[in-house]
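For reference, the structure is listed below as structure tokens.
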Amino acid sequence: MLMNLFKFKGGVKPPTNKTQSVTLPIAVAPIPSRLVVPLHQSIGGTPRPVVQAGDKVLKGQLIGEADGWISAAVHAPTSGTVLEVAMHTQPHPSGLDSLCVVIEPDGKDEWIARDLVDYKSMAPESVREKLQQSGVVGLGGAVFPTHGKLTASKTVPMDELVINGAECEPFITCDDLLMRERAEEVVRGIGIFRDLLQPKKVLIGIEDNKPEAAAAMRAAVEAVGEDFVVVQVPTLYPAGGAKQLIRVLTGKEVPASKRSTDLGVQCFNVATAYTAWRAIAQGEPVVSRLVTVTGNVGEPRNYEVLIGTPMDELLKLAHPHPDTDGIIMGGPMMGFLVPDRRVPVIKATNCLIAHDERLFPPKAPEMPCIRCGACARACPHELQPFEMYWFSRAKNFGKTQEYNIFDCIECGCCSFVCPSRIPLVQYFRFAKSEIWAREREKNAADQAKARFEFKQLREEREKAEKAEKLAKAAAAQAAKKAAEAAAAAAAPAESAAQPVAAEAAAPVTAPVPPAAAPATGDAEKAAKMATIEAAMARAKAQREAVQPKNTDNLTPEQQKAAADIEARRVAAHLIEPEPAQPAAPPDPKS
Amino acid sequence: MEIALAIAIMALGAVVLGAALGFASIKFKVEGDPLVEKIEAILPQTQCGQCGYPGCRPYADAIANGEEINKCPPGGTEGVQRLADLLGREVKPLDAEEKPKQLAIIDENTCIGCTLCIQACPVDAIVGAAKQMHTIIAQQCTGCELCLPPCPVECIRMEVIQENIDNWKWKYPVVEIKAAPISASDTTGGSGGMKEAA
């Protein structure tokens, strides 16, 4: 099928070294002595372990539960006993530890009950959920959870679905063999993605150095009865980069700040489509993957390997030569030397290369940059590596960002062509992780500042509230006191005015209780009560009549002085005029 | 006559320009001191008070008014360097011991639930209630150590934040200088290997 292909700028043509490992068919690697399954194998949240030491697990049983939407579950690769859930060295350039589930296989390889469903009868949402629960992630290398990429943009219609079978990196042939031997399942997996995303067309890009794979895929597409287009793209590293392949097949260039879905394109790896089909149609979660074992070995070939298999055990199957001095995970362009040979195979492990001096002669020392521009010509993202190198080296990270360091995909083309053998990608990785660390620190500082300021605000508010409360209480107290004082001032005036009336009132009030008494029928008690009350009333009257005596019989001068004082107090607003009114001259004591 | 005209023109110019300046000073008035904001952005916001000021903002104010720039231990030597660059001052050695980033951890078996550390925490990173166990929200803890002194049972300890896969950083590429003959520790062909980053 002929179609108009586009080109991306730059790229290099390193020796492909692929022929060694394609001569033999895929072999199933035997179950290793021990499986170390890291919980964090995909981009996003770290799955939570759901098993503990001593648990019996079956093949495909959930051992790590996805944490959040961008996260994928992890499953037991074979049946056996969980030895421990502990920290183990990771296949990561840092050589640091992370939480792993260690399983001792029982050799039976007994599957958990698999539910076979027809995905066409399922809602798209539950298909995505099923993919997440089956631990399906992008197996091209980025290990982004696949279900997170299967939602079409609401605003942009989905034009093309690009399936990546380019496999541009030297040495690696696992996708090639997968397409040759299991093309039908790949095509059916692509069918799932097509049904979820509803693109106008589906393009399968395969580099033209894999004619067998392309032929197998064409045959499978025909056999399944799909209308996918298998396109052979020119062999040029890194044609298998998602943005490069999209560019070659559709002519669309994905801008730095956008995702390909914003342009109506989505891209998946062929191996991802294969695992998606296995997960949906056969109920088998991702517990194994194809790994190319090549390099300095006697029998390079592709193996279907259980996730968690120690790399040294896998390498032994291919008979490494005795001068092997390390294992590279990934290809020679983007891979890294694993920190420890016993680290496990993970979902991102597409290739193991036995390292030796013959294949990878030691590089001569780095020379100064001569600004020849070869790196800029080779860069597939049209960046200026020599400028980014200069600023990374000087730790001027702001400037590296101005030169769009975050568009760099670390493909290694610049380092490959550099005549001064400068490890450019190393500098870019250093600058990127330094910028990320600073970003994290800045965010933490901003958050701490906001929380500190809020705490201060809260404390101030609490203080103000407390002060207000206290002021209110004090005001209430003062009002109460003033009322009491007024009452006290008012009462003597009354009793002084009519002391006799008070005395007379006592006998009047006294008979009231006896009047009520007959109702209870206890006359004697009522009489007693009456006498007590009468006595109390008398005593009260007497006391009141006696107290304010010092205000009686005042001389005219005294009365005048008291009136003057009263007038001054009123003028000074010390007391309200009203309470002062009824009381004639105030109590000198007050 | 000409002199009078010249004076008049100059006076007119002065009035016009004065009015423009007056307008500008009202219209474009800057609230707060922009320098303090810049200084504060460099300070690490741990709010630990190790500089002798009650928080990062007061210390930023003080620096703007001439205080020394080397009193912030959490900011470290790099912080001093950046402050020196900003203010055009001389870099001075840090006035305290530089510590790695830490995290406070409450021993929850010993905690009696007195709430004293909650009150001391400047960023509200401790949760708990009276007579209930307290714990520290690790993501919010700035490692300021202010919760240590108030604890009556000494159940809070500081732990250095270890390097892990999430916070690991690629190292600055260093060219290994080796004795001849060159050993075989160099790695991948194209992108340069790990050992170079040692």
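Heads up: the sequence lines are chains A and B, in that order.
Residue numbering for the first sequence follows the numbering used here, starting at 42 and increasing by one per position.
Residue numbering for the second sequence follows the numbering used here, starting at 798 and increasing by one per position.
From the three backbone atoms N, C-alpha and C, an ideal C-beta is built for every residue, glycine too.
Small disclaimer: the values here were computed from a predicted structure and weren't measured.
- Of the other Cβ atoms in all chains shown, 16 or more fall within 10 Å of the Cβ of glutamate 226 of chain A; this residue is therefore buried.
- At a cut-off of 8 Å between C-beta atoms, glutamate 501 of chain A does not count as an interface residue with respect to chain B.
- The Cβ-Cβ distance between valine 379 of chain A and proline 132 of chain A falls below 8 Å.
- Not one beta carbon of chain A lies nearer than 8 Å to the beta carbon of aspartate 904 of chain B.
- Tyrosine 468 of chain A belongs to the set of residues whose beta carbon lies under 8 Å from a beta carbon in chain B.
- Identification of chain A residues near tyrosine 969 of chain B by a Cβ-Cβ cut-off of 7 Å yields Phe471, ordered along the chain.
- When DSSP states are grouped into helix, strand and coil, threonine 333 of chain A belongs to the strand group.
- Judged by beta-carbon spacing, asparagine 391 of chain A lies within the 8 Å limit of glycine 371 of chain A, meaning their Cβ atoms are closer than that value.
- Linking leucine 103 of chain A to valine 115 of chain A through their CA atoms gives a straight-line distance of about 6 Å.
- Alanine 838 of chain B and tyrosine 850 of chain B do not touch by the CB rule: their CB atoms are close to 16 Å apart, not below 8 Å.
- Scanning the region 887 to 941 of chain B from its first residue to its last, the whole alpha helix (DSSP H) runs of 4-plus residues come out as 913 to 917.
- Bounds of the beta strand (DSSP E) holding aspartate 138 of chain A are 138 to 146.
- For valine 888 of chain B, the nearest beta carbon of chain A is not closer than 8 Å to its own beta carbon.
- Of all residues in the region 949 to 966 of chain B, those with a C-beta nearer than 8 Å to a C-beta of chain A are Glu960, Asn961, Ile962, Asn964, Trp965 and Lys966, reading in chain order.
- Contacts between glycine 815 of chain B and chain A, judged by CB atoms closer than 8 Å, are missing: the closest CB pair is about 40 Å apart.
- Cβ-Cβ distances below 6 Å link glutamine 847 of chain B to Pro870 in the same chain, with the five nearest sequence neighbours on each side left out; the list follows chain order.
- Per DSSP, glycine 281 of chain A is not a residue of any beta strand (DSSP E), being assigned neither H nor E.
- Here glutamine 916 of chain B is exposed, its C-beta having fewer than 16 other C-beta atoms within 10 Å.
- By the neighbour-count definition (other C-beta atoms within 10 Å, threshold 16), phenylalanine 820 of chain B is an exposed residue.
- Across the structure, methionine 807 of chain B and tryptophan 477 of chain A are spaced so that their CA atoms are roughly 58 Å apart.
- For glycine 181 of chain A and glutamine 899 of chain B, the gap between their C-alpha atoms comes out near 38 Å.
- The three-state reading of DSSP puts valine 265 of chain A in helix, counting H, G and I together.
- Between the beta-carbon of glutamate 170 of chain A and that of lysine 100 of chain A there is about 22 Å, and that puts the pair past the 8 Å contact cut.
- Judged by DSSP in its simplified three-state form, histidine 129 of chain A adopts strand.
- At a cut-off of 8 Å between beta-carbon atoms, threonine 843 of chain B makes contact with chain A.
- Here the C-alpha atom of histidine 362 of chain A lies approximately 16 Å from the C-alpha atom of serine 62 of chain A.
- In the DSSP annotation of this structure, the continuous segment of the alpha helix (DSSP H) that includes tyrosine 430 of chain A starts and ends at 426 to 434.
- In terms of CA proximity to lysine 928 of chain B, B:Glu905 leads the group B:Glu905, B:Cys944 and B:Ala935.
- When DSSP states are grouped into helix, strand and coil, glutamine 599 of chain A belongs to the helix group.
- For arginine 854 of chain B, the enclosing alpha helix (DSSP H) stretches over residues 853 to 861.
- Look at valine 833 of chain B: its C-beta is not under 8 Å from any C-beta on chain A.
- Minimum Cα-Cα distance from valine 272 of chain A among the listed residues A:Leu400, A:Ile245 and A:Ala491 corresponds to A:Ile245.
- DSSP, reduced to helix, strand and coil, places arginine 383 of chain A outside both helices and strands of the structure shown, so it counts as coil.
- Secondary structure at methionine 220 of chain A: helix, using DSSP grouped into helix, strand and coil.
- For the 8 Å CB-CB criterion, isoleucine 233 of chain A and valine 168 of chain A form a contact.
- For serine 329 of chain A, the CB contacts under 7 Å within the same chain, skipping 5 residues up- and downstream, are Pro118, Glu345, Val346, Leu347 and Ile348 in chain order.
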